[in-house]
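Below: one structure, written as structure tokens.
Chains as they are written, first to last, in the numbering used here: chain Y, 201 to 501; chain E, 2 to 286.
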């Protein structure tokens, strides 16, 4: 069947391939062009961003190259917006908080939820059944339903710090993760575990030496899905964290608008670029896993 | 084996369960309880029965249409975005499964916006929209309809890549023999699409439809950052309306919580319908 498929596609390729490739190239460049516009504008002086959002000089090149070039020199201001934006938002600290929260939460979710999923699949009691159903149920509850009570409880329990919020993420993210891990554990044959136990492993050793390595594909999927959620999440950290002390990147960007009434678009452009770059780098390196993770996640979730 | 595992429950089970209780279970139950109370924080509640639910629609005997407005605005927004996202994503997926050169690169490009979060995404587009609209002396929040189409463009840009990936996976699972057989029988491209590819893709279409449906219905970040609910409260989607009620005006927390309960029930109904549809499809195939 595989051979058949390639034959078909080869035949198609020779017919329309060239034109289609060109069309798709243009389309996909247009698709990501907003990002290029932001990068371009992040180097422009504030006053020019809305006057000439898509150009590189106030004058058309037909006015003579010198005039065009001088205009362009006036329009761009180097890294000024970046200095401004980064100092206004304290962006590097925010980046640190975002990174701490994301890595901490994802690591904890992976460890705790995979353990929990293994336990509730292997131990058959009423309690484990109830836990599984509750996890399923939590997946359909929108955050608005719990946001008020959750943020108040988190404050009362002193979880309003980048370390404490990790517990909140584990709690609110547990549903989906436990569900996905459970789906995988069900496919692991019992004999492997029993063999390990007979060889003298206690459950903890069995888990770390046998189960966890087998679960690697699901670990990657869950890690990708949770990373995408937590890194970009705005509402939960903005309600749970002590905002005066700790801001994540989305919160910093939202507050750049709120605190200055009129948006400083120069600084905003620069901050947006700084926010996008790590995502793009992460994407380039983990592309294969991200796309596979998304596919697996969509089919199961 | 079960016995020896049970001894390890404190390690395997309890951490997740404690966090689950703090992060979901207790706030959820307590949230339902508080929707029947007047409160400003979790400790000073006073039971008021169904009064909060009444105040969603009637304030001092006068009909308040804010919530109803945001309900139908959300419904219209969700339907439009589901249609546009799925049609465009499907079309791109069809083009990307023809085996043309550079398919992987195109796929990468189309998926990229999905990784950028709602807040960042919205400010990118806010700049572009306002730069274009100023030529017509407008902004994105001039009317509820400029805001509407602005939101549509932003969520489409974000989600089309995601749905496209799922459609590509679905299309690649369609057996090549079936398509060849239909072609030999003289089916046109349109017939092939209508009678062979789409019927075989129904499970994928169901998944994508419901994913975009719930995403649209629960949209918050983009709404907050792009329009902030302006002009007036005319472009408030449900999630933002709830947030605004809860944190915008003092003394309305109870009403906000009541709205959240209604919101939850609506999301739950969508999820149950989806579950019914997908499981019945599985039985058929």
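All C-beta atoms, glycine included, are put in the ideal place defined by N, C-alpha and C.
Assuming residue i contacts residue j under a Cβ cut-off of 8 Å, what Cβ separation, rounded to an integer in Å, is found between them?
i, j, result
"residue 199 of chain Y", "residue 361 of chain Y", "With chain Y represented from 201 up to 501, any question about residue 199 of chain Y goes unanswered, as that position is not in the structure."
"residue 321 of chain E", "residue 220 of chain E", "Given that chain E is displayed from residue 2 to residue 286, the structure contains no residue 321 of chain E and the question cannot be resolved."
"residue 497 of chain Y", "residue 425 of chain Y", "5 Å"
"residue 281 of chain Y", "residue 470 of chain Y", "4 Å"
"residue 468 of chain Y", "residue 422 of chain Y", "That pair is no contact at about 33 Å."
"residue 273 of chain E", "residue 224 of chain Y", "About 39 Å separates the two Cβ atoms, so there is no contact after all."
"residue 112 of chain E", "residue 162 of chain E", "4 Å"
"residue 302 of chain Y", "residue 431 of chain Y", "5 Å"
"residue 234 of chain Y", "residue 125 of chain E", "5 Å"
"residue 169 of chain E", "residue 77 of chain E", "In fact, because the Cβ distance is near 29 Å, the residues do not count as touching under 8 Å."
"residue 103 of chain E", "residue 221 of chain Y", "6 Å"
Is there a Cβ of chain E sitting closer than 9 Å to that of residue i, yes or no?
i, result
"residue 301 of chain Y", "no"
"residue 160 of chain Y", "Only positions 201 to 501 of chain Y appear in this structure, which leaves residue 160 of chain Y out of reach."
"residue 388 of chain Y", "no"
"residue 446 of chain Y", "no"
"residue 399 of chain Y", "no"
"residue 313 of chain Y", "yes"
"residue 147 of chain Y", "The requested residue 147 of chain Y is not part of the displayed model; chain Y covers only 201 to 501."
"residue 324 of chain Y", "yes"
"residue 347 of chain Y", "yes"
"residue 495 of chain Y", "yes"
"residue 384 of chain Y", "no"
"residue 221 of chain Y", "yes"
"residue 418 of chain Y", "no"
"residue 490 of chain Y", "yes"
For residue i versus residue j, is the C-beta distance shorter than 9 Å?
i, j, result
"residue 502 of chain Y", "residue 264 of chain E", "The first residue shown for chain Y is 201 and the last is 501, placing residue 502 of chain Y beyond what the model contains."
"residue 384 of chain Y", "residue 415 of chain Y", "yes"
"residue 378 of chain Y", "residue 332 of chain Y", "yes"
"residue 310 of chain Y", "residue 439 of chain Y", "no"
"residue 434 of chain Y", "residue 249 of chain E", "no"
"residue 339 of chain Y", "residue 436 of chain Y", "no"
"residue 493 of chain Y", "residue 388 of chain Y", "no"
"residue 447 of chain Y", "residue 293 of chain Y", "yes"
"residue 229 of chain Y", "residue 110 of chain E", "yes"
"residue 147 of chain Y", "residue 7 of chain E", "Residue coverage of chain Y in this structure runs from 201 to 501, which leaves residue 147 of chain Y outside it and unanswerable."
"residue 250 of chain Y", "residue 132 of chain E", "yes"
"residue 278 of chain Y", "residue 243 of chain Y", "yes"
"residue 90 of chain E", "residue 192 of chain E", "no"
Under 9 Å between C-beta atoms, does residue i make it to chain Y?
i, result
"residue 121 of chain E", "yes"
"residue 262 of chain E", "yes"
"residue 135 of chain E", "yes"
"residue 42 of chain E", "yes"
"residue 56 of chain E", "no"
"residue 206 of chain E", "no"
"residue 203 of chain E", "no"
"residue 243 of chain E", "yes"
"residue 38 of chain E", "no"
"residue 45 of chain E", "no"
"residue 48 of chain E", "no"
"residue 14 of chain E", "yes"
Taking 8 Å as the cut-off, is the C-beta of residue i nearer than that to any heavy atom in the ligand MG?
i, result
"residue 259 of chain E", "Looking at this structure, you won't find the ligand MG or any other ligand, since it has none at all."
Practice task
Scan the stretch 210-269 of chain E and note each continuous alpha helix (DSSP H) run of 4 residues or more that stays entirely inside, going in chain order.
Solution key: Qualifying alpha helix (DSSP H) stretches, in chain order: 239-249.
Exercise for the section: Can you give me, in chain order, the residues of the stretch 457-471 of chain Y that have a beta carbon less than 9 Å from any beta carbon in chain E? Expected result: Listed by position, the residues of the stretch 457-471 of chain Y near chain E (Cβ gap below 9 Å) are 457, 463, 465, 468, 469, 471.
Problem - chain Y contacts made by the stretch 146-167 of chain E, where a contact means CB separation under 9 Å - result: Within the stretch 146-167 of chain E, the residues whose Cβ lies closer than 9 Å to some Cβ of chain Y are 158, 161, 162, 163, 164, 166, 167, listed in chain order.
Exercise for the section: Just list the alpha helix (DSSP H) runs in the stretch 47-89 of chain E, keeping only unbroken ones of 4 residues or longer that don't cross its boundaries, in chain order. Expected result: The stretch 47-89 of chain E contains these whole alpha helix (DSSP H) runs: 52-58.
Practice task
At 4 residues or longer, and completely inside the stretch 100-148 of chain E: list those alpha helix (DSSP H) runs for me, N to C.
Solution key: The qualifying runs are 104-112, 119-134.
Practice task
Starting from the N-terminal side, write out each stretch of the alpha helix (DSSP H) that is 4 residues or longer and does not extend beyond the stretch 206-264 of chain Y.
Solution key: For the alpha helix (DSSP H) assignment, the uninterrupted runs of no fewer than 4 residues enclosed by the stretch 206-264 of chain Y are, from N- to C-terminal side, 246-249.
Problem - Interfacial residues, the stretch 236-257 of chain Y to chain E, with Cβ spacing under 8 Å - result: In summary, the residues of the stretch 236-257 of chain Y whose CB is separated from some CB of chain E by less than 8 Å are 237, 238, 241, 249, 250, 253, 254, in the order they occur in the chain.
Problem - alpha helix (DSSP H) runs wholly inside the stretch 144-206 of chain E, at least 4 long, in chain order - result: Fully enclosed alpha helix (DSSP H) runs of no fewer than 4 residues occupy 145-173, 177-185 of the stretch 144-206 of chain E, in order along the chain.
Problem - Whole runs of the beta strand (DSSP E) within the stretch 294-360 of chain Y, excluding any shorter than 3 residues - result: Runs of the beta strand (DSSP E) inside the stretch 294-360 of chain Y: none found.
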